[in-house]
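Quick note: the sequence shown, position 6, residue 6 per the UniProt record's numbering, numbers continuous. For glycine and all other residues, C-beta sits at the position ideal for the given N, C-alpha and C. Values in this document were obtained by computation on a predicted structure and should not be read as measured data.
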Amino acid sequence: MNKFLSFLANDMQQHPENLQQLTISMRNTVQSLIENVELDLDAPLSDEDE
Numbered sequence: 001m002n003k004f005l006s007f008l009a010n011d012m013q014q015h016p017e018n019l020q021q022l023t024i025s026m027r028n029t030v031q032s033l034i035e036n037v038e039l040d041l042d043a044p045l046s047d048e049d050e
């Protein structure tokens, strides 16, 4: 995870022109994709998730 976050941080510093503000339309699209997804943040990860 740290490598991925470092990649994102470096990319944002190197290419700030690619950053975009989250629009209401984008938010609504994401919301429609996850509205029926149930998630238990306290559940342990399965072996394939680790």
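9 angstroms Cβ cutoff met for residue i and residue j
| i | j | result |
| --- | --- | --- |
| Asn-18 | Asp-11 | yes |
Residue i - containing alpha helix (DSSP H), residue span
| i | result |
| --- | --- |
| Asn-2 | 2-14 |
| Thr-29 | 24-34 |
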